[in-house]
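Chains as they are written, first to last, in my numbering: chain A, 1 to 508; chain B, 1001 to 1362; chain C, 2001 to 2330. Take a look at the structure below.
Shown next, in the form of structure tokens:
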């Protein structure tokens, strides 16, 4: 095909400076019709900045963008959209308070006699959505549908408006496995129509499943563009990191778990997690495996009292215990690093120092402030111990990278000297270097005799550090793996196993 | 500690100094303070004295705004407190009882607001609107629509008397500010309030008892408003349910905003708010001293406020900052890894949500 | 989250009907065209103001300046008609232009300087009240034959009710606003910005233009309300209409619009106004109740409706269909 030789979108020499930082340095990106093109890089590599330059959300400081051979100069997301570049973000950028049809047609509603033709709008919306395999009522509010549906509505809108290039910025981050497949089928339909799709994600297996080529960024520069069919995962990771990723392997020495710290019986919360039994011992890591929505986070939140359990009982070293709110849990030296750092973890405007001592101070109470020297000592200790990279302890934590934020949150909880540390997706959205460090830290804490409960969607990671793995499906515990049984394949089997057919012991 | 406070309030101090100088230029005797009958007199004293109600309100308002809230009801609470004090004292009770009753009423109002915001999770502006609308009606109910006058010397002294030659209201607001300031900064309260204001979910999960904290903050604001109501009632020797504290919530919010505190919550400075209150009062004084017809008061006040707000607007600040940054030397590649100047960039509504994690990495 | 957005509207309407029925039960004479006509006439200026306020609140903003704008308009008209020979209609056009531009200017500041609407319109409130003082501190009577003619225009319904032109103007304003909010792109953009300004911007909503227009509409309608108010009182007074902004906000909230923006109906505002008018009428009929009861009752109503919204939100969030993927696959 002739079109294959000419890129539909060609950006060359793209540069972007922020005061004191070069975000993009002479970046080139070429997209061909009908391809899915992955944009890869660690956090801070410049992926988002590049997207924002392409869509005009940021004004670029240099470089040219051609679309269909014509030079374009997007000033804002609107003009790039009109030119043919549509974008869909992880957090759905639609309006939940408007109907599905209005979200599709906002700004270009069909009109009759100057007034919006509601009936035609709904009819057209139904027609468009059915092309994506979506049968929903377009007259209903967008907020009455799931994130996956909303995401596809967002894609439909972007394609309707633009129709040449579709940029998907982490579209699968909050979808479960079925929903991801639905998303992929939509993407395949679009590429069959000749669209060029840019796909940004942290999930390398998804990249290998759906993408044709990948452009890899590091420190604001393009490290290379490659055909994925000819590249191995090691190649990609090496390019992303500039160094070999240490293979995360399962350490043979699991140690011997100590006393039972926390024992839960019939513990559960209506609509969140079915009642379950669980024993957490000192010096062991209990992994929680399952798909998104299987009850992993819900288990963590129930144990910590963030979304307190409404049934069952908890015993701490044999003594009955109420876990009705986070403060009650913290009093018993529980700690939770939540899944969503930005909304549930960091206090963005406060300094790293204040973020680190926040929980310790909260536990001490309002009227017993930590002495200044002690605060300084604690903060400095953990910055060094966890290798948190920052300009100064006074830096607002929101300016740190995802990995460093996560480490600072870990520091916050380690400062409270927890007996039980609950980690919900401790490595989500952080770069590979910090990833390895956090896994090593989990290992170290376990060896020191702490009890850990870790929920993660990354099987390899769970395999690497878990003493036991509890498998969840549909908000229920469906199995447990221990010792030699633990392997990614075994976890997948347990998750996929039909009820009753699972050979693992059923706990629930 | 003192140095950082000074740096924080420097812009407000400069504005205050400018406004005071303006006063001085128009009326050379502005800074003169004289003693008559055991009481200090002078324009400066007037500014401090007349500014007392707004200063009192701004102490509580600063805390509420730091929690990302707002309290529209303080003016109405002033009216209620004044009405309570007046009706207790005219009922024959001692002025101490009247003051305690008024403070109790203020605390009750604060508690109501606090419960609406913290327990029933109603947006603060809506929650406090209820009492703003109904409160004045309640005050009128207490005074039966009339101005309830009294002559109790104790109560009058709070509004119009002196202690050590200095008008009592000045003592009251300074003592309140010092006490609240000390409590907030010498304990962990300040940090916990800021954390709650910036990200309540995170604060809760970090173990902060945000609910009780919020209620306490609204309660303190109610107390501050009650004090202001007592001072105003003492000053005019009566409770005027219609006019006491009318629109004063707006002045108090303005004082907090002029003090550079973000309406989006978080970092706060009570000192800066107090300076903001004094700026407002000095502007009033300047307009009076200028000899301009009183009709122009509001117009000029509005224009000055707009000017101050525009100067402090995040957008304008950011533009100025960029101007400075672009004139300074920074070449591509040179400053990588240096501490990010973004740290010092002013915080704006937009920068909260912007994805700074990607580019702002040191 | 907000599935049944229309429910609050229905509840407001039901409340009005129920309250009216109760009033009639106690004072059967309240069921007359006279009461209905007065309800429309007496609340015309407030109703028109509340329409503008609905636009602003739907977009997630607030406009504290409207009361001052009404006072300014009244004084301006009175002074112009006293000191010049301009025809009232021309004066109407001029004052509407001024107030619309004033609103637009506030919108510009809010959008481009990223300052909170609360503070900007607060400054606007001081400014307009101040300008009214500058024009005249006294109440200036308006005595113009055109005013007399306008005031003499009414339709006398059977039963003695006089439906005046101002009441008609209010009803037309509501009808026009409904059409604009629900059937034009500008109207939908108001909801969009109220849902999320950031998202709306990304979806191509012209936020600058819409924000400026919203505050221009509010300013212009406050100006129109000022004209109506001056027809109502035959005078311009700089201390008039103090606190109207509060009444307007209360009517909007009682009408079922979320103060956070993005959800609500201008029709609800109409019934909000009518409920508030009904309370005043009831107090007049009763004769023994003092005027402060109005404030207290409106406060209680506000609280009730806020709690109702809260309750609805609770009920509906509890039932978010998590049947996501199945809905997608089906």
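Each residue gets a CB set at the ideal place from its N, CA and C atoms; glycine is no exception.
Among the bridge pairs identified by DSSP, residue 16 (chain A) is matched with A:24. Per the coordinates, the alpha-carbon of residue 2102 (chain C) lies some 11 Å from the alpha-carbon of residue 2066 (chain C). Annotation for residue 2155 (chain C): 2162 and 2163 place their beta carbon closer than 8 Å to its own, counting only its chain and skipping 5 residues before and after. Taking the Cα of residue 1308 (chain B) as reference, the smallest distance to any Cα among C:2142, C:2260, C:2308 and C:2113 is reached at C:2113.
Within the stretch 181 to 206 of chain A, the complete beta strand (DSSP E) segments at least 3 residues long are 196 to 200, listed from N- to C-terminus. Between residue 1208 (chain B) and residue 1221 (chain B) a beta carbon distance of about 19 Å is seen, past the 8 Å cut, so the two are scored as non-contacting. Secondary structure at residue 1321 (chain B): helix, using DSSP grouped into helix, strand and coil. Under the DSSP assignment, residue 337 (chain A) falls in the beta strand (DSSP E) whose first and last residues are 334 to 337.
Within chain A, 366, 367 and 369 have C-beta atoms less than 7 Å from the C-beta of residue 1187 (chain B), given in sequence order.
If you keep only unbroken beta strand (DSSP E) runs of at least 3 residues inside the stretch 420 to 453 of chain A, you get 420 to 424.
The shortest C-alpha to C-alpha distance from residue 1316 (chain B) to any of C:2152, C:2089 and C:2110 is the one to C:2110. Residue 311 (chain A) is classed as exposed because its beta carbon has fewer than 16 other beta carbons within 10 Å across all chains shown. The C-beta of residue 2139 (chain C) comes no closer than 8 Å to any C-beta of chain B. One Cα belongs to residue 2168 (chain C), the other to residue 121 (chain A), and the distance between them is close to 33 Å. Assignment of beta-bridge partners to residue 480 (chain A) by DSSP yields A:470. Going by DSSP, residue 321 (chain A) is part of the beta strand (DSSP E) stretching over 319 to 321.
Scanning A:474, A:367 and A:14 for the CA closest to the CA of residue 28 (chain A) turns up A:14. Taking the C-beta atoms as reference points, residue 1156 (chain B) is found nearer than 8 Å to residue 1234 (chain B).
Taking the CA atoms as reference points, residue 1123 (chain B) sits about 10 Å from residue 1068 (chain B). The C-beta distance from residue 356 (chain A) to residue 335 (chain A) rounds to 13 Å, too long to fall under 8 Å, and the pair is not in contact. One finds 1315 in chain B with Cβ atoms closer than 8 Å to the Cβ of residue 2112 (chain C), taken in chain order. In the three-state reduction of the DSSP assignment, residue 1292 (chain B) falls in the coil class. In the structure shown, residue 70 (chain A) adopts extended strand secondary structure according to DSSP, grouped into three states. Burial check for residue 1189 (chain B): the Cβ neighbour count within 10 Å reaches 16 or more, so the residue is buried. Any Cβ of chain B closer than 8 Å to the Cβ of residue 2270 (chain C) would place that residue at the interface, and such an atom is absent. In this structure residue 2052 (chain C) does not touch residue 2193 (chain C) by the C-beta definition: roughly 16 Å separates them, more than the 8 Å allowed. Just measuring C-alpha positions, the residue of A:347, A:346 and A:412 sitting nearest residue 363 (chain A) is A:412. In the structure shown, the three-state DSSP call for residue 37 (chain A) is strand. Going by beta carbons, residue 2278 (chain C) and residue 2039 (chain C) fall inside the 8 Å limit. The way I'd put it, the stretch 210 to 225 of chain A does touch the stretch 41 to 60 of chain A; three or more beta-carbon pairs between them come closer than 8 Å. Counting every other CB atom within 10 Å of its CB across the protein chains shown gives residue 1112 (chain B) a total of 16 or more, marking it as buried. Taken in chain order, the unbroken stretches of beta strand (DSSP E) that lie wholly in the stretch 2141 to 2169 of chain C and span 3 residues or more are 2154 to 2156 and 2162 to 2164. Using a CB distance below 7 Å, the part of the stretch 98 to 127 of chain A facing chain C consists of 98, 102, 106, 107, 109, 115 and 116, ordered along the chain. Nearest to residue 496 (chain A) by C-alpha distance, out of A:485, A:353, A:479 and A:486, is A:479. By the Cβ neighbour-count rule, residue 93 (chain A) is buried, with 16 or more other Cβ atoms within 10 Å of its own.
By the neighbour-count criterion, in which 16 or more other beta carbons inside 10 Å mark a residue as buried, residue 359 (chain A) falls on the buried side.
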